[in-house]
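Student:
Residue numbers (the numbering used here), protein chains in the order written: chain A, 1380 to 1785; chain B, 89 to 226.
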């Protein structure tokens, strides 16, 4: 029996510690991990908890991130509660196995501490790795601060392990900005946290010896399409209601409210910035300042990136006149992902807002309040003109001549 | 196997070996096991075989070498007696023939289309000039 850890109501934790405390409190059975900056402390802390008797689990040291996720897949198929963490290049190495985990419907929780993808090599935060996972069939939650990183882990376990869902989930947080920035985090007691997620209920587990199963079978053109369709059906229809249920239950337990789409000052907003991660908090501050100057500014944070909350986002953007999609990843050859998603969300709707795209913050470059002020200035001009007054895609916070496309 | 629609099967790339619970399966003979439709036991996976082994029980000494060495569990044996070959699973690799110690061999490879009765009728006789003389018992 694992020891209980007495926590203060509010602990000073960075995002990594917040995530590893959540893994401890839900009593993860198996963590197979290969450390990589800036997510290393998540699994390091977990190993520490395990070594000191705070978890009845197994920590499996492996030789790569590919092996880490493969170990997680094996443990999950065997019938355990499973989690791990990674970043950047490690995430890239995991990609092949991410598709296996989702296709095999194994509810693994992966904490992704977002970091740039090289070359050039870079340990700081951007969303390249998060975007790399967007077609992998995982549920993707995005935390904006350590408190979110803690809370969303519980939500992720509760949703992913539900027998109507059985899909793996990622909890994203920004490298260093969230992962290494200590803030006050309101805690749950070990008992309350565990009870919220509940005991792990295996499904088709390999250790049920009376019901032998083969996991990870091969199918060809005669079965593959049906399997992928079934997976997409679950992701598209079952996940969002279950997440909303979990958000409601979590609010009841803690008073903290999460939404698929986080809307700030959007009730009467004319112009809106849409972004993810720590940028949401900066944008909120600037939006308030813009309102003091008479611009009805709002901010939209994407809380659940996959499955994409199309209907909820369309509802939030209904009356907006100009939108900036802020992508913290180089799209390499097209518009940014958020731009694409938002365009797809609004194209058949009544909303005819002007939509533009900003690429920012690559490799940990700061998004300053001044940048956001200039973006809101662009949006105001777009709104007044009723069409884009700038190129569709602009780079902000970049040295050298102004760079833009389309 | 029935080609079900996308909503007609269990989730995950997962297949069951048996229908329902499978207890004491090791002591249950294969023909009595509740193999599921998706179990390979129910499928013919031998359609690429071009040569097949045929069995002549007149020479068999039930040494069980073929049963032990067959990589596909395609030698059917009951009570330590060789019964025959499972042609739904035999790939025609010829290992059983190779390890058969009798003279002449009790298992020989034939073209896939060869008629069994014909093969048995033309079965080779004992070789007098075997590679080495068998040691005499004193």
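Cβ atoms here follow ideal geometry from the backbone N, Cα and C, with glycine treated the same way.
All values derive from a computational prediction rather than experimental measurement.
#1: Ordered along the chain, which non-local residues of its own chain (more than five positions away) have a Cβ less than 6 Å from that of residue 211 (chain B)?
#2: Is the beta carbon of residue 230 (chain B) less than 8 Å from the beta carbon of residue 140 (chain B)?
#3: Closest to residue 1504 (chain A) by C-alpha separation, out of A:1488, A:1556, A:1474, A:1540, would be which residue?
#4: Give the straight-line distance between the Cα atoms of residue 1757 (chain A) and residue 1723 (chain A), rounded to the nearest whole angstrom.
#5: Roughly how many whole angstroms lie between the Cα atoms of residue 1674 (chain A) and residue 1650 (chain A)?
#6: Around the C-beta of residue 111 (chain B), are 16 or more other C-beta atoms found within 10 angstroms, so that it is buried, or is it exposed?
#7: Looking at residue 1539 (chain A) and residue 1518 (chain A), is the spacing between their C-beta atoms short of 8 Å?
#8: Can you tell me where the beta strand (DSSP E) holding residue 170 (chain B) begins and where it ends?
#9: Is the shortest distance between the beta-carbon of residue 103 (chain B) and the beta-carbons of chain A less than 8 Å?
#10: The segment 102–133 of chain B: which residues have C-beta closer than 7 Å to a C-beta of chain A, in chain order?
#11: Exposed or buried, residue 1389 (chain A), counting other C-beta atoms within 10 Å across all chains shown (16 or more means buried)?
#12: Touching or not, the segment 1733–1748 of chain A and the segment 1670–1685 of chain A, by the rule of three or more beta carbon pairs under 8 Å?
#13: With 8 Å as the threshold, decide whether the Cβ of residue 1432 (chain A) is near any Cβ in chain B.
#14: Would you call the CB atoms of residue 1564 (chain A) and residue 1397 (chain A) closer than 8 Å?
#15: Leaving aside the five residues before and after residue 1746 (chain A) along the sequence, list all residues of the same chain whose C-beta is less than 7 Å from its C-beta, in chain order.
#16: I'd like to know whether the C-beta atoms of residue 1451 (chain A) and residue 1426 (chain A) end up nearer to each other than 8 Å.
#17: If you run the structure through DSSP and keep just helix, strand and coil, what is residue 1631 (chain A)?
#18: Say whether the segment 1565–1584 of chain A touches the segment 1458–1475 of chain A, bearing in mind that this needs 3 or more beta-carbon pairs closer than 8 Å, one atom from each stretch.
#19: What span of residues does the alpha helix (DSSP H) with residue 1717 (chain A) cover, start to end?
#20: Need the endpoints of the alpha helix (DSSP H) that residue 1478 (chain A) sits in, please.
#21: Are the C-beta atoms of residue 1598 (chain A) and some chain B residue less than 8 Å apart?
#22: Leaving out the 5 sequence neighbours to the left and right, which residues in its chain are closer than 6 Å to residue 169 (chain B) when beta-carbon positions are compared?
#23: If you count every other CB in all the chains shown that lies within 10 Å of the CB of residue 1645 (chain A), and 16 or more means buried, which is it?
#24: Please list, in chain order, the chain A residues whose beta carbon lies closer than 7 Å to that of residue 95 (chain B).
#25: Name the chain B residues that come within less than 8 Å of residue 1483 (chain A), Cβ to Cβ?
#26: For a test of the three-state rule: what should DSSP assign to residue 158 (chain B), helix, strand or coil?
#27: With a floor of 3 residues, list each beta strand (DSSP E) that falls wholly inside the segment 184–212 of chain B, ordered by position along the chain.
#28: Beta strand (DSSP E) containing residue 1487 (chain A): first to last residue?
#29: Give the straight-line distance between the Cα atoms of residue 147 (chain B) and residue 157 (chain B), rounded to the nearest whole angstrom.
#30: Counting only runs of 4+ residues fully inside the segment 1523–1599 of chain A, write out the alpha helix (DSSP H) ranges in chain order.
#31: Does the separation of the CB atoms of residue 1486 (chain A) and residue 1546 (chain A) fall below 8 Å?
#32: Run down chain A in chain order and give the residues with a C-beta less than 9 Å from the C-beta of residue 91 (chain B).
#33: I need the DSSP call for residue 1495 (chain A), collapsed to helix, strand or coil.
#34: Residues of chain B with CB closer than 7 Å to the CB of residue 1589 (chain A), please, in chain order.
#35: Buried or exposed: where does residue 1574 (chain A) fall if 16 or more other Cβ atoms within 10 Å of its Cβ makes it buried?
#36: Within the segment 1381–1469 of chain A, note down every full alpha helix (DSSP H) run reaching 4 residues or more, in order along the chain.
Tutor: This is what the structure gives:
#1: 144
#2: The structure shown does not extend to residue 230 (chain B), since chain B is modelled only from 89 to 226, so the question has no answer here.
#3: A:1556
#4: 22 Å
#5: 8 Å
#6: exposed
#7: yes
#8: 169–173
#9: yes
#10: 102, 103, 104, 105, 106, 109, 110, 111
#11: exposed
#12: no
#13: no
#14: yes
#15: 1658, 1661, 1739, 1740, 1776
#16: no
#17: helix
#18: yes
#19: 1716–1725
#20: 1467–1482
#21: yes
#22: 150
#23: buried
#24: 1609
#25: 100, 101, 102
#26: coil
#27: 195–199
#28: Careful: residue 1487 (chain A) lies outside any beta strand (DSSP E) and carries neither H nor E.
#29: 19 Å
#30: 1525–1539, 1569–1576
#31: yes
#32: 1601, 1602, 1605
#33: coil
#34: 109, 110, 111
#35: exposed
#36: 1394–1404, 1419–1430, 1444–1457
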